[in-house]
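Trainee: To get our numbering, take the position in the sequence shown, counting from 1, and add 6.
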Amino acid sequence: MKPTGLLQEMEDTSPKMTSHPMPQLRVIAVTSGKGGVGKSNVVANLGLALAQAGLKVLLIDADLGLANLDIILGLNPQYTIHDVLQLRRTLAEVLVEGPGGLKILPASSGIPELSELDEYQKLFLLNELDNYSETVDVVLIDTGAGISRNVLFFNIAAQERLVVANNEPTSITDAYALIKVLATQHNERRFKLLVNGLSNPRDAEAVYRTLLKVSERFLGRDISLEYLGYIPHDDAVPKAVLKQQPFLTLFPKARVSRSITQIAQRLWETPGSEEVDGNIKFFWRRLLQFRI
Ligand SMILES: Nc1ncnc2c1ncn2[C@@H]1O[C@H](COP(=O)(O)OP(=O)(O)O)[C@@H](O)[C@H]1O
Ligand SMILES: [Mg+2]
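1) Are the CB atoms of V43 and V170 within a distance shorter than 7 Å?
2) Where does F224 sit, in a helix, a strand or coil, going by DSSP?
3) Does the contact criterion of 3 or more C-beta pairs under 8 Å hold for the region 193 to 211 versus the region 55 to 64?
4) Using three-state DSSP, classify D180 as helix, strand or coil.
5) Tell me the rounded alpha-carbon separation between A57 and E275.
6) Could you tell me the alpha carbon to alpha carbon distance between P238 and L81, rounded to whole angstroms?
7) Following the continuous beta strand (DSSP E) through R196, name the residue where it begins and the one where it ends.
8) Would you say the beta carbon of P83 is closer than 6 Å to some non-hydrogen atom of ligand 1?
9) Quick check on E194: buried or exposed, where buried means 16 or more other Cβ atoms within 10 Å of its Cβ?
10) How big is the Cα-Cα spacing for S221 and R167?
11) For T149, which residues of its own chain have a beta-carbon under 7 Å away from its beta-carbon, when the five flanking residues on both sides are left out?
12) At a cut-off of 6 Å, is P105 close to ligand 1 when judged by its beta-carbon and the heavy atoms of the ligand?
13) Quick check on G116: does DSSP put it in helix, strand or coil?
14) Quick one: grab the DSSP three-state call for I153.
15) Hey, is V201 close to ligand 4, as in C-beta under 6 Å from one of its heavy atoms?
16) Measure the C-alpha to C-alpha separation of L248 and G226 and round it to an integer number of angstroms.
17) Taking 7 Å as the cut-off, decide whether the C-beta atoms of A55 and I266 are in contact.
18) Secondary structure at L91, three-state DSSP: helix, strand or coil?
19) Shorter than 6 Å, the distance from the beta carbon of L52 to the closest heavy atom of ligand 2, or not?
20) Do G53 and L111 come within 7 Å of each other at the CB atom, strictly closer than that value?
21) Grouping DSSP H, G and I as helix and E and B as strand, with all else coil, what is D148?
22) For D67, list the residues DSSP reports as bridge partners.
23) From L93 to Q84, what distance separates their C-alpha atoms?
24) Rounded to a whole number of angstroms, what is the C-alpha to C-alpha distance between M28 and Y138?
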C-alpha cells in the first residue's frame, strides 16, 4: 500500500531524518487499566498501519500474563526476550517477522528479571539493541493491563503512553488508576487516549471528557490527556482474531480498518515526546536502569 497524506510527507522527509546521527525514534507504550479493552489488537493493527505507510515498526509483547500478540498475528515464535536476557540468543534470532514487514519481540516470563540483570547481561543486551537501533522508526509496546510492576516498568521506559479504554465504568476508573500511579509516583504528566469499541463519536468523546475531568481535578491541571480518537465496535475484529490475522489485512475496507489507519496518521502527525534523545539505546538504558 502506498503511503498517504501526511504519512507520505513523513516518508518524503525521511532522507533528512536518516542522515541524522540519531534518527528520531518513537517508543510508545500501549497500555490500559483494565484488560480486554483491545490493546493487543490496537498494537498489531496500528503497527501494521504504520508499516503500510512506510515506517519500520517493532512490536514488543510485554504482556506477561496474557501474551498473545503472536497469536493475533498468526506467528509461532521459537524464542522470546527471555532467551536474549539469558544470553542464549541474539536479538536478531529472537525477533520474528509478521505481516507487512512488522518485527515482533515475543513475550516472556523473563521480563520481571530485567531490573536484576548483572552488568554483563545489560551490556550484552544494550549491544544487541544498539546493533538493531538504526533499523527502527517506531516501537509499540503491548504492556498488559493494570498497575503491576511490569506494566509500570514499560510505561516509564517508553517515551509516550497511549491509554486504551472503552466506556465501561471499570475501564474508565482503572484507566484513571493507572494514570494516577504514573503521575503521582513516577511524574509522568503526558498521556494519549484511544477509545475502543464504541459505536459513535459522541459516546467515545464522553469517555475522554470523563477521564480528563477526573484527572485534572485530582492530579492537577498540568496533566495532559490528548484525545487520539476512537475505534468503532466492529465484528471484523473478533472474526480476524479467530483467523489469527490482523483485521487490517483481512478486512481492509471495514470501518475499523479505516479508523485505525486514520489513528495511525494522527499519531504520526502529533509530536512525540519532548525528550531530545530518541535513540533506542536510550530507551533500553532507561528500561534496564529502572527500579520499582
Ligand atoms: N473494536 C472492537 N470491536 C469488536 N471487538 C473488539 C474490538 N476491539 C477488541 N475487540 C475484542 O475484544 C477482545 C479483547 O481484545 P484484546 O485486543 O485482546 O484486548 P487486550 O489486549 O486489551 O486484553 C478480543 O476478543 C477482540 O476481538
Ligand atoms: Mg492483550
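All residues carry an ideal CB built from backbone N, CA and C; glycine is no exception.
Mentor: Quick answer:
1) For the purposes of this step, residue 170 is identified with residue 164 of the sequence shown, where counting begins at 1. For the purposes of this step, residue 43 is identified with residue 37 of the sequence shown, where counting begins at 1. Yes, they are a contact pair.
2) As a working note, residue 224 is residue 218 in the sequence shown. It is helical.
3) no
4) Working through the sequence shown from its first residue, we reach residue 180 at position 174. Here D180 sits in helix by DSSP.
5) Here residue 57 is taken as the residue at index 51 of the sequence shown, counted from 1. Here residue 275 is taken as the residue at index 269 of the sequence shown, counted from 1. Answer to the nearest angstrom: the Cα atoms are 15 Å apart.
6) Numbered from 1 along the sequence shown, position 232 holds the residue referred to as residue 238. Numbered from 1 along the sequence shown, position 75 holds the residue referred to as residue 81. Roughly 26 Å between the two C-alpha positions.
7) Position 190 of the sequence shown, counted from the start, is the residue given in the question as residue 196. Where R196 is concerned, the enclosing beta strand (DSSP E) stretches over R196 to L204.
8) Here residue 83 refers to the residue found at position 77 of the sequence shown. Because no heavy atom of ligand 1 lies under 6 Å away, the Cβ of P83 does not count as near it: no.
9) To locate residue 194, count along the sequence shown from 1; it is residue 188. That one is buried.
10) By 1-based counting over the sequence shown, the position of residue 221 is 215. By 1-based counting over the sequence shown, the position of residue 167 is 161. In a straight line, the C-alpha of S221 is about 15 Å away from that of R167.
11) Here residue 149 refers to the residue found at position 143 of the sequence shown. Taken in chain order, the residues that qualify are A35, V36, T37, A68, D69, V157, F160 and N161.
12) Your numbering for residue 105 matches position 99 in the sequence shown. No, the Cβ of P105 stays beyond 6 Å of every heavy atom of ligand 1.
13) Numbered from its first residue, the sequence shown carries residue 116 at position 110. Interpretation of G116 is limited by its pLDDT of 49, a score under 50 that renders its predicted location unreliable; the figure taken from the coordinates is listed afterwards. Looking at G116 - three-state DSSP - the assignment turns out to be coil, as it is neither helix nor strand.
14) If you number the sequence shown from 1, residue 153 lands on position 147. I153 falls in the coil class under three-state DSSP.
15) Ligand 4 is not part of this structure, which contains only ligand 1 and ligand 2.
16) Within the sequence shown, the letter at position 242 stands for residue 248. Within the sequence shown, the letter at position 220 stands for residue 226. Taken atom to atom, the span from the alpha-carbon of L248 to that of G226 is near 43 Å.
17) For the purposes of this step, residue 55 is taken as the residue at position 49 of the sequence shown. For the purposes of this step, residue 266 is taken as the residue at position 260 of the sequence shown. Taking 7 Å as the Cβ cut-off, A55 and I266 qualify as a contacting pair.
18) What you label residue 91 is simply residue 85 of the sequence shown in a count that begins at 1. In the structure shown, L91 sits in a helix (DSSP, three-state: H, G or I).
19) Walking along the sequence shown from the start, residue 52 turns up at place 46. No, the beta carbon of L52 sits no closer than 6 Å to any heavy atom of ligand 2.
20) Counted from its first residue, the sequence shown places residue 111 at position 105. Counted from its first residue, the sequence shown places residue 53 at position 47. Result no, Cβ atoms of L111 and G53 do not sit closer than 7 Å.
21) Residue mapping note: residue 148 aligns to position 142 of the sequence shown, counting from 1. DSSP places D148 in strand when its eight states are reduced to three.
22) Reading the sequence shown from its first residue, position 61 is the one you call residue 67. D148, per the DSSP bridge assignment.
23) Position 87 of the sequence shown, counted from the first residue, corresponds to residue 93. Position 78 of the sequence shown, counted from the first residue, corresponds to residue 84. Each residue's Cα considered, the two are about 15 Å apart.
24) The residue you call residue 28 lines up with position 22 of the sequence shown. The residue you call residue 138 lines up with position 132 of the sequence shown. Unreliable placement is indicated for M28, whose pLDDT of 41 sits below 50; no coordinate value is reported for it.
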